[in-house]
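Q: Chains as they are written, first to last, in my numbering: chain D, 18 to 249; chain H, 18 to 249; chain U, 18 to 249; chain W, 18 to 249.
We put the beta carbon where it would ideally sit given N, CA and C, even for glycine.
Number of protein chains: 4
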Amino acid sequence: MLEELKERVYKANMELPEKGLILYTWGNVSGIDREKGLIVIKPSGVEYDVMKASDMVVVDMDGRVVEGSLNPSSDTATHIELYKAFEEVGGIVHTHSTWATIWSQSGRDIKAYGTTHADYFYGPIPCTRKMTAEEIEGEYEKETGRVIVETYRERNLNPLYVPGVLVNSHGPFTWGKSPEEAVHNSVVLEEIGRMAASMEMFNENTKSMQQELLDKHFLRKHGANAYYGQKK
Amino acid sequence: MLEELKERVYKANMELPEKGLILYTWGNVSGIDREKGLIVIKPSGVEYDVMKASDMVVVDMDGRVVEGSLNPSSDTATHIELYKAFEEVGGIVHTHSTWATIWSQSGRDIKAYGTTHADYFYGPIPCTRKMTAEEIEGEYEKETGRVIVETYRERNLNPLYVPGVLVNSHGPFTWGKSPEEAVHNSVVLEEIGRMAASMEMFNENTKSMQQELLDKHFLRKHGANAYYGQKK
Amino acid sequence: MLEELKERVYKANMELPEKGLILYTWGNVSGIDREKGLIVIKPSGVEYDVMKASDMVVVDMDGRVVEGSLNPSSDTATHIELYKAFEEVGGIVHTHSTWATIWSQSGRDIKAYGTTHADYFYGPIPCTRKMTAEEIEGEYEKETGRVIVETYRERNLNPLYVPGVLVNSHGPFTWGKSPEEAVHNSVVLEEIGRMAASMEMFNENTKSMQQELLDKHFLRKHGANAYYGQKK
Amino acid sequence: MLEELKERVYKANMELPEKGLILYTWGNVSGIDREKGLIVIKPSGVEYDVMKASDMVVVDMDGRVVEGSLNPSSDTATHIELYKAFEEVGGIVHTHSTWATIWSQSGRDIKAYGTTHADYFYGPIPCTRKMTAEEIEGEYEKETGRVIVETYRERNLNPLYVPGVLVNSHGPFTWGKSPEEAVHNSVVLEEIGRMAASMEMFNENTKSMQQELLDKHFLRKHGANAYYGQKK
Chain D
18 MLEELKERVY
28 KANMELPEKG
38 LILYTWGNVS
48 GIDREKGLIV
58 IKPSGVEYDV
68 MKASDMVVVD
78 MDGRVVEGSL
88 NPSSDTATHI
98 ELYKAFEEVG
108 GIVHTHSTWA
118 TIWSQSGRDI
128 KAYGTTHADY
138 FYGPIPCTRK
148 MTAEEIEGEY
158 EKETGRVIVE
168 TYRERNLNPL
178 YVPGVLVNSH
188 GPFTWGKSPE
198 EAVHNSVVLE
208 EIGRMAASME
218 MFNENTKSMQ
228 QELLDKHFLR
238 KHGANAYYGQ
248 KK
Chain H
18 MLEELKERVY
28 KANMELPEKG
38 LILYTWGNVS
48 GIDREKGLIV
58 IKPSGVEYDV
68 MKASDMVVVD
78 MDGRVVEGSL
88 NPSSDTATHI
98 ELYKAFEEVG
108 GIVHTHSTWA
118 TIWSQSGRDI
128 KAYGTTHADY
138 FYGPIPCTRK
148 MTAEEIEGEY
158 EKETGRVIVE
168 TYRERNLNPL
178 YVPGVLVNSH
188 GPFTWGKSPE
198 EAVHNSVVLE
208 EIGRMAASME
218 MFNENTKSMQ
228 QELLDKHFLR
238 KHGANAYYGQ
248 KK
Chain U
18 MLEELKERVY
28 KANMELPEKG
38 LILYTWGNVS
48 GIDREKGLIV
58 IKPSGVEYDV
68 MKASDMVVVD
78 MDGRVVEGSL
88 NPSSDTATHI
98 ELYKAFEEVG
108 GIVHTHSTWA
118 TIWSQSGRDI
128 KAYGTTHADY
138 FYGPIPCTRK
148 MTAEEIEGEY
158 EKETGRVIVE
168 TYRERNLNPL
178 YVPGVLVNSH
188 GPFTWGKSPE
198 EAVHNSVVLE
208 EIGRMAASME
218 MFNENTKSMQ
228 QELLDKHFLR
238 KHGANAYYGQ
248 KK
Chain W
18 MLEELKERVY
28 KANMELPEKG
38 LILYTWGNVS
48 GIDREKGLIV
58 IKPSGVEYDV
68 MKASDMVVVD
78 MDGRVVEGSL
88 NPSSDTATHI
98 ELYKAFEEVG
108 GIVHTHSTWA
118 TIWSQSGRDI
128 KAYGTTHADY
138 FYGPIPCTRK
148 MTAEEIEGEY
158 EKETGRVIVE
168 TYRERNLNPL
178 YVPGVLVNSH
188 GPFTWGKSPE
198 EAVHNSVVLE
208 EIGRMAASME
218 MFNENTKSMQ
228 QELLDKHFLR
238 KHGANAYYGQ
248 KK
């Protein structure tokens, strides 16, 4: 069942330690088959060096395990909320990567300071509000997804134009049209976060970049008039 | 004698350089056989690339060498004090890992800033008080253990809920139910310390995370109602 | 056509990920054949692990593709402006390497703080002014080159004595007599940027080094009376 | 001539890039044969990946090349001054390692903040005064050695108790009884410098450690009553 997607989600998960984004089992990647309405996700707490593609768990949009003998990631309910709300998203990643997590712990957005940021994120990378005690003590993982969605709705953000978020006091979620793209955006967010944090450490002037330059860089890679890379 | 424990303690010691926690011989791991009342510990000042499992030294709870031709770690007396006071602990690690040592040198606790911390440490990671001249000039290594134990007693901390400490002006000790878990906690402490220090470098607001979120994350992984990972 | 230069430019491009200067395709190296008036440059957006020497694109000084089936780097027009203005330059590199980019985002020059800097850069490493909306919305990549050239003209800088620049809110360009030297200078700029930024993070006194020492170090390696290295 | 010492000095030089202390040719190690009054040192500006033990240059105490076809390191005169003044020293290292160089550029001593420091350096790691224009424009490399020696004389420091120095606006020199020990101390200085700098970045209280603890740690590893390591 969904063997190809399992293989891709498995490989995307294996990229997390390879790219230095996680220690131990501190991350998870999922992918979705929109036609079947099924999600493939990493099992919870399984070591990467023994994990196999066949360990990937298939769940439906209500979080019920459809196939697989292991528990799905404890963050599955967060992934589901994001897939429900962000209809163009095909893959989601959660990590505790160092710099993105530092930003989450600071409770602040990452401002767009330069073209590295602008090549991928069309404006600040938002940090969610703190969750309420009720949200934390209730369906916590589902509420985590809801607070992310609320952030995008309230700020009127296009999830594919801002393909990553900082969950307050927690860590990042990133996404993309595919699991592979979601991992790519996770690597990029980590580097952008490292640059922005380090910049603030020794500069008093921490103004965002010019809007014109943000537009130029994002739109030369994304959207109808993109001209970066090879014709496809 | 205790061949299996020696093998495990040896492997746990070898993990320290592999995980980037030490330079040269700047660390040591021990394990305890509670039934026999014997501790297996790394020899003092032996290079990791020539060390063998059979070099591990067996000492009793008074620090007397029971087996082994090498001197035990100079920190042996500290380990013994911790094993005596923390009865559920099965393995102990000492390193001078970069960020944990930086925190020790700052003489401050590491506040709980996010869920990465909360997944492993149930509250701040304590820094011990400075030792007195008498303690330093007396049975220094034993007194180091005593000041750690004092810290846990005075703050009423459960050693398995806060499985690591910062010795003031020195470096970290971590522990766990086994030598392997103690090393795992040492890796985690280093990453938490790096995140917390870096966060403080560019943020004015350095308030601890919400208590509800700390509770949620620690208790979903630890304690009676844990639901992270696979059923065991 | 230009097979040897293509091979060299290819190898110089491959050095960027090897030296840790780039993630993904975030960089490009070119080389010039001054006699033929032709530039060899990396194709746009091609993954490094599949790129071959034969993928290098040959363009003329007007940016027209003379040979090659792929699009040249989107930064080609910047390279051309630099080759036109800096006549002794034989190779150019653009990256988003971490510390040089952080400095670009800070919008400030890197002051000469020590001999590591002075061994390669004869004075501050300049950061360009912000580009105007007209420049950004017009021939952006060409204007990027022009603003670099303007910086060197206005400050009366010798491009071979200051073989690298920080483009404001963007990232570094470096150059040299050859593509290999340009990459070397890119590695050096990254390390100098890291040292200078880190130094400013914990010091109030951030005065430049003495002029005499700057002179001594630059001139013992460069110019008529150099005595560093082996006779050639 | 001095084949064994050449082999050792060569290997000690090769350790510099292996330990991450240098980029390109930014360092040099020498060793001395006190009986013969001859120094073996790395040649100037030779790439590490082609350097051989037979490339090591033998010079006498006046800096004259006694054997070898290559120019000796441009820092040879500094090494000679140190060997002349510090009679127990058997090996010397110069690098531009990142954190030690950052401290040199800051122009400040590294205070003793913890036991990692105290295990190797008995007090602050000194930074030399700025050199005068006359010193820089005269016999610069020799004067560099002289200003180091002046620092130790004026502060009444034992070179083997403080086996490394920061040359103002330049970088570190370290030494030891042998070339191998000098490299070891260079690795240690880099780590101590990283810890101390990072600590100052996020702490207001930057007081040195207690003298008693400094005494305890240095003297349990060094001097007549040392008890760290194995009996020799």
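#1: For Glu-251 of chain W, does the count of other Cβ atoms within 10 angstroms reach 16, so buried, or fall short, so exposed?
#2: Among the candidates H:Val-76, H:Ala-117, H:Leu-19 and H:Asp-72, whose CA atom is the shortest distance from the CA of Glu-98 of chain H?
#3: Checking contacts by CB at 9 Å: is Glu-217 of chain H closer than that to chain W?
#4: Could one say the Cβ of Met-148 of chain H lies closer than 9 Å to chain W's Cβ atoms, at least one of them?
#5: Please classify Glu-171 of chain W: is it buried, with 16 or more other beta-carbons within 10 angstroms of its beta-carbon, or exposed?
#6: Between Gly-131 of chain D and chain H, is the shortest Cβ-Cβ distance under 9 Å, so that the two count as touching?
#7: If we count the other Cβ atoms within 10 Å of its Cβ and call it buried at 16 or more, is Gln-122 of chain H buried or exposed?
#8: Determine the extent of the alpha helix (DSSP H) in which Gly-48 of chain H is found, giving its start and end residues.
#9: Is Ala-243 of chain D close to chain H, meaning its C-beta is less than 9 Å from at least one C-beta of that chain?
#10: Any C-beta of chain D within less than 9 Å: which residues of the segment 195-225 of chain H qualify?
#11: In the DSSP assignment, what residue or residues form a beta bridge with Thr-191 of chain U?
#12: So, do the segment 229-237 of chain H and the segment 69-89 of chain U have three or more beta carbon pairs nearer to each other than 8 Å?
#13: From which residue to which residue does the alpha helix (DSSP H) around Glu-24 of chain D run?
#14: Chain U partners of Val-63 of chain W, CB-CB under 9 Å?
#15: Put Ile-119 of chain D into one of helix, strand or coil per three-state DSSP.
#16: Tell whether a beta-carbon distance below 9 Å holds between Ile-142 of chain H and Val-182 of chain H.
#17: Looking only at its own chain, which residues have a Cβ that is under 7 Å from the Cβ of Glu-160 of chain D, when we skip the five neighbours before and after it?
#18: Could you name the residues that DSSP lists as bridge partners for Gly-77 of chain U?
#19: Would you say the beta carbon of Val-164 of chain W is closer than 8 Å to some non-hydrogen atom of the ligand ATP?
#20: Taking Val-200 of chain D and Glu-32 of chain D to be in contact with their CB atoms under 8 Å, please state how far apart those CB atoms are, rounded to whole angstroms.
#21: Closer than 7 Å by beta-carbon distance: list the chain W residues that pair up with Gln-122 of chain H, in chain order.
#22: Are the CB atoms of Val-110 of chain D and Thr-191 of chain D nearer to each other than 9 Å?
#23: Taking a cut of 9 Å between CB atoms, which residues from the segment 71-101 of chain U lie near chain D?
#24: So, using beta-carbon positions, are Glu-198 of chain U and Gly-107 of chain U closer together than 9 Å?
#25: For Leu-38 of chain W and chain U, any beta-carbon pair shorter than 9 Å?
#26: Glu-207 of chain D and Ser-114 of chain D: beta carbons closer than 9 Å?
#27: Mind reading off the beta-carbon distance from Val-179 of chain U to Thr-145 of chain U? Whole number of angstroms is fine, and I expect it under 8 Å.
#28: So for Glu-167 of chain U, helix, strand or coil by DSSP?
#29: Give me whichever residues DSSP pairs with Ile-127 of chain D in a beta bridge.
#30: Answer yes or no: does any C-beta atom of chain H fall closer than 9 Å to that of Tyr-41 of chain D?
#31: Let me know the secondary structure DSSP gives Pro-196 of chain W once reduced to three states.
#32: For Val-26 of chain U versus Val-67 of chain U, is the C-beta spacing smaller than 9 Å?
#33: Which first and last residues belong to the beta strand (DSSP E) in which Glu-84 of chain U is found?
#34: Candidates H:Tyr-157, H:Glu-104, H:Met-218 and H:Asn-173: which alpha carbon is nearest Arg-51 of chain H's?
#35: Taking Cβ positions, are Ser-186 of chain W and Gly-240 of chain U nearer each other than 9 Å?
A: Short version:
#1: The requested residue 251 of chain W does not occur in the structure, where chain W is confined to residues 18 to 249.
#2: As a working mapping, residue 98 of chain H is identified with position 81 in the second sequence. Measuring from the Cα of Glu-98 of chain H, the nearest candidate turns out to be H:Val-76.
#3: For the purposes of this step, residue 217 of chain H is taken as residue 200 along the second sequence, with counting starting at 1. It does; some Cβ of chain W falls within 9 Å.
#4: The sequence position of residue 148 of chain H within the second sequence is 131, counting from 1. At least one chain W Cβ lies under 9 Å of Met-148 of chain H.
#5: In the fourth sequence, the residue the question calls residue 171 of chain W occupies position 154. Under the 10 Å beta carbon count, Glu-171 of chain W is surrounded by fewer than 16 other beta carbons and is classified as exposed.
#6: If you number the first sequence from 1, residue 131 of chain D lands on position 114. With 9 Å as the cut-off, Gly-131 of chain D does not count as an interface residue toward chain H.
#7: Your numbering for residue 122 of chain H matches position 105 in the second sequence. Looking at its Cβ environment, which holds 16 or more other Cβ atoms inside 10 Å, Gln-122 of chain H is buried.
#8: Indexing the second sequence from 1 puts residue 48 of chain H at position 31. Where Gly-48 of chain H is concerned, there is no enclosing alpha helix (DSSP H), although the beta strand (DSSP E) it sits in stretches over 44-50.
#9: Reading the first sequence from its first residue, position 226 is the one you call residue 243 of chain D. Closer than 9 Å: no.
#10: Within the segment 195-225 of chain H, the qualifying residues are His-201, Val-204, Val-205, Glu-208, Arg-211, Met-212, Ala-213, Ser-215, Met-216, Met-218, Phe-219, Asn-220, Asn-222, Thr-223 and Lys-224.
#11: Position 174 of the third sequence, counted from the first residue, corresponds to residue 191 of chain U. Beta-bridge pairing links Thr-191 of chain U to U:Val-110 and U:Gly-181.
#12: With a cut-off of 8 Å, the segment 69-89 of chain U and the segment 229-237 of chain H do not count as touching, because too few Cβ pairs lie within range.
#13: Locating residue 24 of chain D in the first sequence gives position 7, counting from the first residue. Start and end: 20-35.
#14: Residue mapping note: residue 63 of chain W aligns to position 46 of the fourth sequence, counting from 1. Neighbours of Val-63 of chain W in chain U, taken as residues whose beta carbon is under 9 Å from its own, are Gly-246 and Gln-247 in chain order.
#15: Locating residue 119 of chain D in the first sequence gives position 102, counting from the first residue. Looking at Ile-119 of chain D - three-state DSSP - the assignment turns out to be helix.
#16: Within the second sequence, numbered from 1, the residue matching residue 142 of chain H stands at position 125. Within the second sequence, numbered from 1, the residue matching residue 182 of chain H stands at position 165. Remark: C-beta atoms of Ile-142 of chain H and Val-182 of chain H approach each other more closely than 9 Å.
#17: Sequence index remark: in the first sequence, residue 160 of chain D carries index 143 (1-based). Answer for Glu-160 of chain D: Met-148 and Glu-152, listed in chain order.
#18: If you number the third sequence from 1, residue 77 of chain U lands on position 60. Here residue 77 of chain U is Asp; the residue named in the question, Gly, does not match the sequence. Asp-77 of chain U pairs with U:Leu-55.
#19: Of the ligands one can find in the structure shown there are none, so the ligand ATP has no counterpart to examine.
#20: The residue you call residue 200 of chain D lines up with position 183 of the first sequence. The residue you call residue 32 of chain D lines up with position 15 of the first sequence. Here Val-200 of chain D really is in contact with Glu-32 of chain D; their C-beta atoms are around 5 Å apart, less than 8 Å.
#21: Position 105 of the second sequence, counted from the start, is the residue given in the question as residue 122 of chain H. Contact of Gln-122 of chain H with chain W by beta-carbon distance below 7 Å involves Tyr-130, Gly-131, Met-212 and Met-216.
#22: Indexing the first sequence from 1 puts residue 110 of chain D at position 93. Indexing the first sequence from 1 puts residue 191 of chain D at position 174. Contact: yes.
#23: Close to chain D, meaning a Cβ-Cβ distance shorter than 9 Å, are the following residues of the segment 71-101 of chain U: Leu-87, Asn-88 and Ser-91.
#24: Numbered from its first residue, the third sequence carries residue 198 of chain U at position 181. Numbered from its first residue, the third sequence carries residue 107 of chain U at position 90. Going by C-beta atoms, Glu-198 of chain U is nearer than 9 Å to Gly-107 of chain U.
#25: Counted from its first residue, the fourth sequence places residue 38 of chain W at position 21. Taking Cβ atoms only, chain U never reaches closer than 9 Å to Leu-38 of chain W, which makes this a no.
#26: Position 190 of the first sequence, counted from the start, is the residue given in the question as residue 207 of chain D. Position 97 of the first sequence, counted from the start, is the residue given in the question as residue 114 of chain D. For Glu-207 of chain D and Ser-114 of chain D, yes; Cβs fall inside 9 Å.
#27: Start at 1 with the first residue of the third sequence, and residue 179 of chain U comes out as number 162. Start at 1 with the first residue of the third sequence, and residue 145 of chain U comes out as number 128. A Cβ-Cβ distance of about 13 Å is found for the pair Val-179 of chain U and Thr-145 of chain U, leaving them out of contact under the 8 Å criterion.
#28: Translated into positions along the third sequence, residue 167 of chain U becomes position 150. In the structure shown, Glu-167 of chain U adopts helical secondary structure according to DSSP, grouped into three states.
#29: Within the first sequence, numbered from 1, the residue matching residue 127 of chain D stands at position 110. BP columns for Ile-127 of chain D point to D:Ile-142.
#30: Translated into positions along the first sequence, residue 41 of chain D becomes position 24. The Cβ of Tyr-41 of chain D sits closer than 9 Å to at least one Cβ of chain H.
#31: Position 179 of the fourth sequence holds residue 196 of chain W. Correct three-state label for Pro-196 of chain W: helix.
#32: For the purposes of this step, residue 26 of chain U is taken as the residue at position 9 of the third sequence. For the purposes of this step, residue 67 of chain U is taken as the residue at position 50 of the third sequence. No, these two residues do not count as a Cβ contact at 9 Å.
#33: Along the third sequence, one-based indexing puts residue 84 of chain U at 67. Residues 82-84.
#34: Residue 51 of chain H sits at position 34 when you count from the first residue of the second sequence. Per the C-alpha coordinates, the member of H:Tyr-157, H:Glu-104, H:Met-218 and H:Asn-173 positioned closest to Arg-51 of chain H is H:Glu-104.
#35: Locating residue 186 of chain W in the fourth sequence gives position 169, counting from the first residue. Locating residue 240 of chain U in the third sequence gives position 223, counting from the first residue. The Cβ atoms of Ser-186 of chain W and Gly-240 of chain U lie no closer than 9 Å to each other.
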